[in-house]
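A.B. asks:
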Amino acid sequence: MKEAKHPKESLVVNTDQVMINDLNNYNTLFGGVLMKKLDNNATLSARRHARVKECVTASTDSIDFLYPIQQSDSVCVESYVSYVGNKSMEIFCKVIAEDMMTGERRMAATAFLTFVALDENKKPVKVPEIIPETEEEKFLYESGKERAERRRIRRKHSKTLTEIIGLEKPWNLGGEAS
Numbered sequence: 007m008k009e010a011k012h013p014k015e016s017l018v019v020n021t022d023q024v025m026i027n028d029l030n031n032y033n034t035l036f037g038g039v040l041m042k043k044l045d046n047n048a049t050l051s052a053r054r055h056a057r058v059k060e061c062v063t064a065s066t067d068s069i070d071f072l073y074p075i076q077q078s079d080s081v082c083v084e085s086y087v088s089y090v091g092n093k094s095m096e097i098f099c100k101v102i103a104e105d106m107m108t109g110e111r112r113m114a115a116t117a118f119l120t121f122v123a124l125d126e127n128k129k130p131v132k133v134p135e136i137i138p139e140t141e142e143e144k145f146l147y148e149s150g151k152e153r154a155e156r157r158r159i160r161r162k163h164s165k166t167l168t169e170i171i172g173l174e175k176p177w178n179l180g181g182e183a184s
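Encoded structure:
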């Protein structure tokens with residue numbers, strides 16, 4: 007068993023400016039651009055915690071867009087391991103937008119992603135436990151078991167759904183299959 011770690015040991019902080027090509031038609035940061043930043047940050051947190059070459063995204067539980075990010079803002083993504091299972095890690099991400107003119111900071115988004123650490127044969131490996139210290143870390147850790155259970159239920163539902171939904175090409179429905 008690997009030695010337990012503190013969430014701050016997996017902390018990754020990345021700050022960027024918002025570029026014009028990152029904007030959507032509302033002149034705010036495009037959600038897909040932010041999702042990529044979240045996945046990149048969370049991957050590094052997972053790898054830092056597990057100390058493995060590869061970690062794969064198992065799920066993106068939620069991304070809550072709380073406040074739009076403007077072009078005049080910087081966007082700071084902070085991520086760390088908030089809860090662990092046997093072979094999976096929940097990564098909590100928070101996104102802080104800062105108005106570069108006024109210095110006003112606001113919580114723009116939060117997200118939970120789940121990663122699995124892989125060995126050199128691409129097999130899942132056990133990950134270290136965590137020891138939360140701050141009020142935020144303790145809150146996330148204590149509520150982590152409930153989120154993990156919701157993920158298990160959702161994954162089971164998704165597997166059932168894949169048995170029901172079809173793989174036919176939409177343009178062939180009602181006609182001959184090719």
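Going by this note's numbering, the sequence shown opens with residue 7, and the numbers climb by one from there. Yeah, the Cβ is synthetic: ideal placement off N, Cα and C, and Gly gets one too. All values reported here derive from a predicted model rather than from experimental measurement.
Spell out a yes or no on whether the region 7-15 and the region 23-40 are touching, meaning 3 or more CB-CB pairs, one atom from each, closer than 8 Å.
C.D. replies: Short answer: they don't touch.
A.B. asks: In whole angstroms, what separates the C-alpha of aspartate 22 from that of glycine 150?
C.D. replies: Taking the straight line joining both Cα atoms gives about 29 Å.
A.B. asks: From which residue to which residue does the alpha helix (DSSP H) around methionine 41 run?
C.D. replies: Taken as a continuous stretch (DSSP letters only), the alpha helix (DSSP H) holding methionine 41 covers 37-56.
A.B. asks: What is the residue span of the beta strand (DSSP E) that tyrosine 147 lies within?
C.D. replies: That residue, tyrosine 147, is in no beta strand (DSSP E); its alpha helix (DSSP H) goes 141-148.
A.B. asks: Tell me the residue span of the beta strand (DSSP E) that contains leucine 124.
C.D. replies: Per DSSP, leucine 124 belongs to the beta strand (DSSP E) from 111-124.
A.B. asks: Alpha carbon to alpha carbon, what distance is there between leucine 29 and aspartate 79?
C.D. replies: C-alpha separation (whole angstroms): 12 Å.
A.B. asks: Can leucine 124 and glutamate 60 be called in contact, C-beta distance under 7 Å?
C.D. replies: Yes, Cβ-Cβ distance for leucine 124 and glutamate 60 is below 7 Å.
A.B. asks: When the distance is taken between beta carbons, is asparagine 27 closer than 7 Å to asparagine 47?
C.D. replies: Their beta carbons are not under 7 Å apart, which means asparagine 47 does not touch asparagine 27 by this criterion.
A.B. asks: Let's see if you can read the secondary structure: which residues bound the beta strand (DSSP E) around valine 62?
C.D. replies: 60-71 is the extent of the beta strand (DSSP E) around valine 62.
A.B. asks: From Ile97, Asn31, Val83 and Thr63, pick the residue whose C-alpha is nearest to that of leucine 146; which is it?
C.D. replies: If we check each option's Cα against that of leucine 146, Ile97 comes out closest.
A.B. asks: Hey, alanine 103 and isoleucine 69 are a contact pair by Cβ (cut 8 Å); roughly how many whole angstroms apart?
C.D. replies: The pair is not a contact, with the Cβ atoms about 15 Å apart (cut-off 8 Å).
A.B. asks: Between the alpha carbons of glutamine 185 and valine 24, how many angstroms are there, rounded?
C.D. replies: Look at the range of the chain in this structure, 7 to 184, and you will see that residue 185 is not part of it.
A.B. asks: When the Cα atoms are used, what is the spatial distance from arginine 161 to valine 58?
C.D. replies: Cα to Cα, the separation comes out at about 25 Å.
A.B. asks: Arginine 153 to lysine 132, Cα distance in whole Å?
C.D. replies: For arginine 153 and lysine 132, the distance between alpha carbons rounds to 19 Å.
A.B. asks: Apart from the five residues just before and just after alanine 64, which ones in its own chain have a Cβ nearer than 7 Å to its Cβ?
C.D. replies: Contacts found: Ser94, Thr120, Phe121 and Val122.
A.B. asks: Taking 7 Å as the limit between beta carbons, can you name the residues of its chain near asparagine 92, skipping five residues before and five after?
C.D. replies: Same-chain partners within the cutoff: Lys132.
A.B. asks: Please report the straight-line C-alpha distance between tyrosine 73 and aspartate 67, rounded to a whole angstrom.
C.D. replies: So the two alpha carbons sit approximately 19 Å from each other.
A.B. asks: Kindly indicate which three-state DSSP category glutamate 135 falls into: helix, strand or coil?
C.D. replies: Of the three classes helix, strand and coil, the one that applies to glutamate 135 here is coil, per DSSP.
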